[in-house]
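Step one of this worksheet: look at the structure below.
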Amino acid sequence: MTLSAKYLSSAAVSALAGTLVFAAPAAAQDTESTGASEGGLTEIIVTAQRREENLQDVPVSVTAISDDQLEALSSSGQDIRALSGRVPSLLVESSFGRTFPRFYIRGLGNTDFDFNAAQPVSLVYDDVVLENPILKGFPIFDMQQVEVLRGPQGTLFGRNTPAGIVKFDSVKPGDEAGGYARVSFGRFNNINAEGAVGGPLGDNVSVRLSALYQRQDDYVDNVLPSGTTKDAFGGYNDMAFRLQAAVRPSDDFEILLTGQLRDLDGTARLFRANNFTRGQEGLNANFDRDSVSVDGQNEQSVKTQNASARMTWDVGPVSLISVTSYWHGTSTSVGDVDGGFGANFLPPALYGPGDIPFTAETRDSVPELEQFTQELRIASNGNGPVSYQAGIFYFDESLSILSENYSTLGDPLNAPGGVNIVVSQDQQSKALGVFGSVTVDLSDQLSVTGGIRYNDDERDFTVVRSQDSQFPTFLQNPLGTVTRSVSDDTITWDASVAYEASDDINLYARVARGYRAPSIQGRILFPPATATPLEDGVSVAGSETITSYEAGIKSTLLDGRARINLSGFLYDLNDAQLTAVGGNVNANRLINADNVRGYGFELDAELVPVDNLYLTAGLSYNHTEIQDTGLTTAACGGTRVDTFPDVSLCTILDPIVTPAAPFSAAIVNIDGNRLPQSPRWIANWTAKYAIPAGEGEFYVFTDWSYRSRINFFLYESVEFQDASQLEGGVRVGYDTDTFELAAFVRNITNDTSPVSGIDFNNLTAMVNEPRVWGVSAGIKF
39 MTLSAKYLSS AAVSALAGTL VFAAPAAAQD TESTGASEGG LTEIIVTAQR REENLQDVPV
99 SVTAISDDQL EALSSSGQDI RALSGRVPSL LVESSFGRTF PRFYIRGLGN TDFDFNAAQP
159 VSLVYDDVVL ENPILKGFPI FDMQQVEVLR GPQGTLFGRN TPAGIVKFDS VKPGDEAGGY
219 ARVSFGRFNN INAEGAVGGP LGDNVSVRLS ALYQRQDDYV DNVLPSGTTK DAFGGYNDMA
279 FRLQAAVRPS DDFEILLTGQ LRDLDGTARL FRANNFTRGQ EGLNANFDRD SVSVDGQNEQ
339 SVKTQNASAR MTWDVGPVSL ISVTSYWHGT STSVGDVDGG FGANFLPPAL YGPGDIPFTA
399 ETRDSVPELE QFTQELRIAS NGNGPVSYQA GIFYFDESLS ILSENYSTLG DPLNAPGGVN
459 IVVSQDQQSK ALGVFGSVTV DLSDQLSVTG GIRYNDDERD FTVVRSQDSQ FPTFLQNPLG
519 TVTRSVSDDT ITWDASVAYE ASDDINLYAR VARGYRAPSI QGRILFPPAT ATPLEDGVSV
579 AGSETITSYE AGIKSTLLDG RARINLSGFL YDLNDAQLTA VGGNVNANRL INADNVRGYG
639 FELDAELVPV DNLYLTAGLS YNHTEIQDTG LTTAACGGTR VDTFPDVSLC TILDPIVTPA
699 APFSAAIVNI DGNRLPQSPR WIANWTAKYA IPAGEGEFYV FTDWSYRSRI NFFLYESVEF
759 QDASQLEGGV RVGYDTDTFE LAAFVRNITN DTSPVSGIDF NNLTAMVNEP RVWGVSAGIK
819 F
């Protein structure tokens, strides 16, 4: 199946215009925004097992994010990374900014920065799996529910879910007219506007149009030897639309048609050169959040479009469901990865970047992405002792990637300006899944669930590398084409038991086997200088499998005023797919580790101690350990200019197998290391207190998240890590059934934490978002 981006965009725009003209307003989401009601907690309904159930009855570690929290997180225009740390065991980061989020659950994720990276955390958006990273950044707006499911979920959901899924369900068209609009204005001229409108169009059709607009001014100065460019970076314009039409030809047949699009233009990630100091932990005095010294290009854009159809036919004892979806996308991002080679000699007092041995300025683009998915499913109806579902899932992706090496200024190691190396990648991926799950109530208190899935994956990959003739001969690598193909098929499964110990306490245990398909990586801008450099530059990782054990208790206490859910887990990840980022080249290399062992616990708690006060807390502990005695990787690829060629950039803490040579990385053993971007502790808490007044209430809402120490890479060094991060927000306002006025502050303590780094050229840091404050207003109708 192929559709052009132009066709999808034109169709979506026409449909949006038609809806604005003809649609009546639709009802705003009718839910308790906090999960609390007068006198106690409200029931939380989730679809973690693809059917509506009380969260307390589901034998899975799952957290549902409240409306209040989503509204607070989005006030400052934050993208999907705002979810990081907001539920136990979840972390989100990116070296591409708003374009390319990377998700981690229970320490399992992928630090790979190439556009064909396979992640073990899957995003499911309205029953459709989003595989490519540029799709996973689709904005969150007009949401009915966001759920985070931890542990392997491959039996019922999509593909590549050994770590878990983040599940988004948008508000659907309703039978009553209504809608809402909300806008905030804040620091850096930040605007976040969101709204939805819809309702019935006759007896058998209802529609809903949702929209989001986010923008921010550039606020980071670019300090160069020739002078300062004020407000050069940090801005963006991000728009997204969703149009849904629910058509009911009969009482037992419904069709839900959806069209979505996103258009983002803005600043790429800012790479801050030498913001770490060799032998020291944390950001140094060279760091200034509002200033950088870069001499290369910086821009970013993403355009994605989607069309989908969900058909549900109720035939009495069962329902037949078909979900068809097509996504198209393009993206480009160019950044000055070296952090400012041409500004080497700028005095540090003026935020000079320090020693940078060579230029590194790259553009990575997706000229074309097409993803088609089709699922056919049968699900039992009724409340009998046996419930089941089964189906077939098909996935087809066509992906083109273009990587270019730049030299805007030129230097002794590069051609004088422009593009000098081009790498073109083409990847075709197909997957087939056949699955089934059944739940049997053995008694009023005891039930068992079992699921199984057959997975068949294949991937074909071709990469072509070309090079400008002006590139210095001694640095040139042979040109050519490399092809790779991988495939695998396997069985995944899960089994769980749930026991209702009392009306208020449920116990469960679950064991599951998950799987991630084999992957290929070939961003060969700078392949290793061996006899067959292109061949060595393309790496392949075989399939990984995980066996996860989990047990937990879900309890409702204090006459419905408290809810405490606690789970413990242990997993073995065999043939773990790991990404060795950095070293002496700006590239990734895929490797398989014999085993990664992980264990820990997760706690979710809610409490209404008195009327009008609602408290939540989440806590997780994750221990991860690579277990492979012979596993090595490159570390600290660059060398310091002032002591060339003897001193590497960072202080390595792992056993060194091969010492670093000039402009080459040391080879270190990583057996026993924890996974990158895997904090031991993640904690979050919120509090809302309301005072009734007139037709509404005054309220104060605060939310906080904490994560402990993280490592940026597979190897360990003094420099490339961060001790902790604590971010909080406060929102104060007045809310009624029809309008809301509020003031807010995000990252209220102005926490400044490195969240990632680059090791092959200089001690480069990437940092979290700054403090933002503002006001917001909303109406419901």
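Per the numbering used here, the sequence shown runs over residues 39 to 819.
Idealized CB from N, CA, C, for every residue including glycine.
When the five nearest sequence neighbours on each side are left out, the beta carbons in the same chain lying within less than 7 angstroms of the beta carbon of S814 are those of S113, R220, V221, S222, A780, F782, in order along the chain.
Remark: C-beta atoms of I558 and V524 approach each other more closely than 8 angstroms. Taking every protein chain shown into account, the CB of D276 has 16 or more other CB atoms within 10 angstroms, so this residue is buried.
With at least 16 other beta carbons inside 10 angstroms of its own, G816 counts as buried.
Counted as a single uninterrupted DSSP element, the stretch harbouring E413 is not any alpha helix (DSSP H) but the beta strand (DSSP E) occupying residues 399-418. Note that the C-beta distance between R401 and T370 is below 8 angstroms. By the criterion of a C-beta distance shorter than 6 angstroms, S746 is surrounded in its chain by P717, R718, W719, S762, once the five residues flanking it on both sides are discounted. Our two residues, F309 and T670, have alpha carbons roughly 27 angstroms apart in a direct line. Under the three-state reduction of DSSP, I629 is assigned to strand.
By the Cβ test, the stretch 123-142 is in contact with the stretch 638-649, since at least three Cβ pairs between them sit closer than 8 angstroms. Here the C-alpha atom of S357 lies approximately 7 angstroms from the C-alpha atom of N419. In this structure L79 is buried. Its beta-carbon is surrounded by 16 or more other beta-carbon atoms within 10 angstroms. Here V576 is buried: its Cβ has 16 or more other Cβ atoms, across all protein chains shown, within 10 Å. As summarised for the stretch 306-345, there are no continuous alpha helix (DSSP H) elements at least 4 residues long confined to that stretch. When the Cα atoms are used, S132 and V486 turn out to be separated by approximately 39 angstroms.
Relative to V460, the option among S441, G474, L470 whose CA is nearest is S441. Straight-line measurement puts the Cα of G233 at about 15 angstroms from the Cα of L299. Beta bridge pairing from DSSP links N230 with S222, Q252. DSSP links Y744 through a beta bridge to A721, L764. In this structure, P97 keeps its C-beta atom at 8 angstroms or more from the C-beta atom of I584. T802 is a Cβ neighbour of N313, given a cutoff of 8 angstroms. Here L407 has N170, G367, L437 as same chain residues with Cβ atoms under 6 angstroms from its own Cβ, once five neighbours each way along the sequence are excluded. According to the DSSP assignment, A215 belongs to no beta strand (DSSP E), since it is labelled neither H nor E. In the three-state scheme derived from DSSP, where H, G and I count as helix and E and B as strand, S581 is classed as coil.
G297 is positioned such that its CB atom lies no closer than 8 angstroms to that of D333.
For F396, the closest of G675, D164, E765 by C-alpha to C-alpha distance is G675. Less than 8 angstroms divides the Cβ of G237 from the Cβ of G216. Of the candidates K205, K174, G304, K592, the residue whose Cα lies closest to the Cα of N154 is K174. Per DSSP, I172 is one residue of the alpha helix (DSSP H) stretching across 171-174. Under the DSSP assignment, Q107 falls in the alpha helix (DSSP H) whose first and last residues are 105-112. Going by DSSP, G488 is part of the beta strand (DSSP E) stretching over 484-505. DSSP, read as helix, strand or coil, puts A703 in coil. The alpha-carbon of N344 is positioned some 15 angstroms away from that of F206. In the structure shown, I602 adopts extended strand secondary structure according to DSSP, grouped into three states. At the C-beta level, R599 and A643 stay beyond 8 angstroms of one another.
Taking every protein chain shown into account, the CB of T101 has 16 or more other CB atoms within 10 angstroms, so this residue is buried.
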